[in-house]
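Novice:
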Amino acid sequence: MKKIPVGILGATGMVGQRFITLLKDHPWFEVVCVAASPKSAGKKYKDAVGDRWVMDEPIPKNIANMKVLAAEEDMDQIAKQVSLVFSALDMDKDKIRKIENEFASHGVVVVSNNSAHRWTPDVPMIIPEINPDHLQLIKVQQKNHGWENGFVVVKPNCSIQSYVPLITPLLTFQPKKVMVTTLQAVSGAGKTLEGWPQMQENVIPFIGGEEEKSEKEPLKIWGNEAKGIKITATCIRVPLEDGHMASVAVSFTKKPTPSQIKNGWKNFNPLKSLKLPSSPKHFITYFEEEDRPQTRLDRDLGNGMGISVGRLREDTILDYKFVGLSHNTIRGAAGGAILTAELLKAKGYLDGKN
Ligand code: NAP
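Counting with the working numbering, you get residues 539 to 892 for the letters of the sequence shown.
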């Protein structure tokens with residue numbers, strides 16, 4: 539099969555680097571261009587990223603010497619080469635919306651990590667296992683803009699991936715109140731521990747804008763099924779490189795039994811039949827051990843695409859509490875976006891492009 543040519547916008551950043559490593563031997567997609575800011579443009583990728591490269595493996599050979607283009611200024615050149623771009627830009631939100639729309643108007647499919655378009659009414663915000671039906675909005679978006687092949691889809695914030703997949707199989711029991719506290723790694727801010735001295739031996743109980751996203755984005759993902767659910771979130775930065783943990787308490791209209799909850803988690807793997815390359819074998823893994831999930835041990839479950847959960851127990855105020863964990867730059871960012879692109883391909887949304 540001829541691979542689909544893709545580009546990465548924001549390729550030099552933390553999420554951009556993840557895209558590069560995850561797409562290295564991808565069976566469907568091939569990275570043919572990398573783009574970043576004008577200050578990186580014109581340089582070889584390895585020189586532009588320099589000592590900011592933080593992945594465990596080296597820069598893939600074909601990417602290391604690739605010339606970096608400017609995401610906005612070189613748009614025509616990028617659009618000619620690719621069918622799809624993964625957007626991991628970090629810049630002014632209005633600017634991002636404009637750039638992403640312009641790529642779509644050039645006939646390019648945009649799968650974005652950024653929050654800029656998450657509340658645009660005709661832009662679907664997708665967790666592939668949870669709301670693949672929201673892709674139907676693409677037709678409306680294309681009609682609204684008069685775009686033939688291009689469109690924009692987004693993935694939600696990384697923080698919510700540690701608890702939304704766990705509450706989704708329980709929607710049938712009508713959750714009412716969700717209290718969540720997230721413990722988020724520094725890579726979620728595009729940083730490393732070494733490069734963020736204030737985070738060493740420290741916990742910071744504030745992440746700008748994160749609590750609002752953590753409370754509201756799940757409701758858009760669940761759509762009509764979110765009726766009656768209220769979420770309150772506290773988001774805390776902790777001194778870890780990767781991995782977001784969530785301590786969650788939930789009340790229900792129809793209180794399930796613990797075994798109904800565990801079965802719901804065990805059996806929830808709605809993408810299984812599509813056999814998407816980045817889909818983990820088990821979407822959700824429940825640990826019976828009382829001290830799991832642990833960030834260092836479990837964040838890479840299913841190549842960083844699995845969600846782990848443990849410590850299911852009765853709560854003294856709400857009905858149950860538990861602890862979830864996901865890898866923020868894989869499931870929560872680049873990996874989630876690649877899975878979304880695979881879903882688009884499997885559902886025929888990329889057919890017009892090849
Ligand atoms: P980052 O490490 O700061 O990288 C930002 C990228 O944007 C770099 O490639 C940078 O290029 C590029 N950029 C900055 N200004 C630009 C401009 N004017 N024109 C073109 N490119 C420009 O950020 P990140 O952590 O990878 O995050 C990227 C996006 O993903 C953000 O929107 C973030 O909110 C979102 N996200 C991140 C995570 C996570 O876990 N980190 C999770 C979910 C979503 P230069 O190197 O040339 O400056």
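Where a beta carbon is used, it is the ideal one built from N, C-alpha and C, also for glycine. Treat the numbers as computed from the prediction; the structure is a model and nothing was measured.
1) Starting from V623, follow the beta strand (DSSP E) in both directions and report where the run begins and ends.
2) Roughly how many whole angstroms lie between the Cα atoms of G747 and G688?
3) Do you know offhand how far E667's Cα is from G802's?
4) Taking only runs of the alpha helix (DSSP H) that begin and end inside the region 555 to 606, which ones reach a length of at least 4 residues, in chain order?
5) Leaving out the 5 sequence neighbours to the left and right, which residues in its chain are closer than 7 Å to C773 when beta-carbon positions are compared?
6) Measuring alpha carbon to alpha carbon, tell me which residue in L839, L812, D829, L814 is nearest T823.
7) Consider the C-beta atom of L627 and the heavy atoms of the ligand NAP; say whether any pair is separated by less than 7 Å.
8) How is H782 classed by DSSP in three states: helix, strand or coil?
9) Label D630 either buried or exposed according to how many other C-beta atoms from any shown protein chain fall within 10 Å of its C-beta, with 16 as the threshold for buried.
10) Nearest to I634 by CA position, among K618, L622, N652, S643, is which residue?
11) Taking the C-alpha atoms as reference points, what is the distance between S864 and L704?
12) Would you mind working out which of M717, G870, I665, D780 sits nearest L856, comparing C-alpha positions?
13) Tell me the rounded alpha-carbon separation between G766 and I759.
14) Measure the CB-CB distance between S816 and E880 and report whether it falls below 8 Å.
15) Taking only runs that begin and end inside the region 705 to 766, name each unbroken alpha helix (DSSP H) of 4 or more residues, in chain order.
16) For T823, which beta-bridge partners are listed by DSSP?
17) Are there any heavy atoms of the ligand NAP lying less than 7 Å away from the beta-carbon of A602, as far as the coordinates show?
18) Should the region 637 to 644 be regarded as contacting the region 612 to 623, the criterion being three or more beta carbon pairs within less than 8 Å?
19) May I ask you to report which of helix, strand or coil DSSP gives L675?
20) In the DSSP assignment, what are the bridge partners of G862?
21) In angstroms with no decimal places, state the Cα-to-Cα distance between P576 and A608.
22) Under 7 Å Cβ to Cβ from T867, same chain only, skipping five residues before and after it: list those, please.
23) Using the rule of at least 16 other Cβ atoms within 10 Å of the residue's Cβ for burial, across every protein chain shown, is E686 buried or exposed?
24) Thinking C-alpha only, which one of T658, I597, V788 is nearest D632?
25) Can you give me the Cβ contacts of G842 inside the same chain, cut-off strictly under 7 Å, excluding the 5 residues immediately before and after it?
26) Since R834 and G848 are thought to touch, with beta carbons under 8 Å apart, how far apart are those beta carbons, to the nearest angstrom?
27) Could you tell me whether the region 600 to 607 touches the region 573 to 588, using the rule of 3 or more Cβ pairs below 8 Å?
28) Figure out for me which residue from P796, S846, Q798, G761 has the closest Cα to the Cα of K819.
29) Distance check for R656 and P694, CA to CA, integer angstroms please.
30) So with Cβ pairs under 8 Å, would you call A784 a contact of chain B?
31) Pull up the distance between the alpha-carbon of K883 and that of D589, whole angstroms please.
32) Quick one: is the Cβ of N651 within less than 7 Å of any heavy atom of the ligand NAP?
Specialist: So, from the data block:
1) As a position in the sequence shown, residue 623 is number 85, starting the count at 1. Per DSSP, V623 belongs to the beta strand (DSSP E) from 622 to 625.
2) Numbered from its first residue, the sequence shown carries residue 747 at position 209. Numbered from its first residue, the sequence shown carries residue 688 at position 150. Going from the Cα of G747 to the Cα of G688 covers about 30 Å.
3) If you number the sequence shown from 1, residue 667 lands on position 129. If you number the sequence shown from 1, residue 802 lands on position 264. Looking at the backbone, the Cα of E667 and that of G802 are separated by about 14 Å.
4) 583 to 587, 599 to 602
5) Here residue 773 is taken as the residue at index 235 of the sequence shown, counted from 1. Cβ neighbours of C773 beyond the five flanking positions: S697, T720, Q722, I745, E748, E749, S752.
6) The residue given as residue 823 occupies position 285 in the sequence shown. Closest by alpha carbon: L839.
7) Your numbering for residue 627 matches position 89 in the sequence shown. Checking the Cβ of L627 against the ligand NAP gives yes.
8) In the sequence shown, counting from the first residue as 1, residue 782 sits at position 244. Reduced to three states, the DSSP call for H782 is strand.
9) Sequence index remark: in the sequence shown, residue 630 carries index 92 (1-based). Per the 10 Å Cβ criterion, exposed.
10) To locate residue 634, count along the sequence shown from 1; it is residue 96. Selected option, being the one with the closest Cα: N652.
11) Residue 864 sits at position 326 when you count from the first residue of the sequence shown. Residue 704 sits at position 166 when you count from the first residue of the sequence shown. As the crow flies, the alpha-carbon of S864 is around 11 Å from that of L704.
12) For the purposes of this step, residue 856 is taken as the residue at position 318 of the sequence shown. If we check each option's Cα against that of L856, M717 comes out closest.
13) Looking up residue 766 in the sequence shown gives position 228. Looking up residue 759 in the sequence shown gives position 221. Near 14 Å, if we compare the C-alpha coordinates of I759 and G766.
14) Translated into positions along the sequence shown, residue 816 becomes position 278. Translated into positions along the sequence shown, residue 880 becomes position 342. Cβ atoms of S816 and E880: closer than 8 Å.
15) 748 to 760
16) Here the question's residue 823 lines up with position 285 in the sequence shown. Answer is S846, bridged to T823.
17) If you number the sequence shown from 1, residue 602 lands on position 64. Every heavy atom of the ligand NAP is 7 Å or more from the Cβ of A602, so no.
18) yes
19) Against the sequence shown, residue 675 aligns to sequence position 137. DSSP places L675 in helix when its eight states are reduced to three.
20) Taking the first residue of the sequence shown as 1, we reach residue 862 at position 324. For G862, which the question treats as bridged, DSSP gives the partners A784, V847.
21) Reading the sequence shown from its first residue, position 38 is the one you call residue 576. Reading the sequence shown from its first residue, position 70 is the one you call residue 608. Roughly 5 Å between the two C-alpha positions.
22) Here the question's residue 867 lines up with position 329 in the sequence shown. Result list for T867: M552, V553, R556, S725, D780, in chain order.
23) Walking along the sequence shown from the start, residue 686 turns up at place 148. Exposed, since its Cβ has fewer than 16 Cβ neighbours within 10 Å.
24) Locating residue 632 in the sequence shown gives position 94, counting from the first residue. Checking every option, the nearest Cα to that of D632 belongs to T658.
25) Residue numbering aside, residue 842 sits at position 304 when the sequence shown is read from its first letter. Here the set comprises H865, I868, R869, G873.
26) Within the sequence shown, numbered from 1, the residue matching residue 834 stands at position 296. Within the sequence shown, numbered from 1, the residue matching residue 848 stands at position 310. That pair is no contact at about 14 Å.
27) yes
28) If you number the sequence shown from 1, residue 819 lands on position 281. Considering only alpha carbons, the answer is S846.
29) On the sequence shown, residue 694 is found 156 positions in, with the first residue counted as 1. On the sequence shown, residue 656 is found 118 positions in, with the first residue counted as 1. Distance between the alpha carbons of P694 and R656: 7 Å.
30) The structure shown contains no chain B; it is built from a single protein chain.
31) Sequence index remark: in the sequence shown, residue 883 carries index 345 (1-based). Sequence index remark: in the sequence shown, residue 589 carries index 51 (1-based). Taking the straight line from one Cα to the other gives about 35 Å.
32) Within the sequence shown, residue 651 is the residue found at index 113, counting from 1. Yes, the Cβ of N651 comes within 7 Å of a heavy atom of the ligand NAP.
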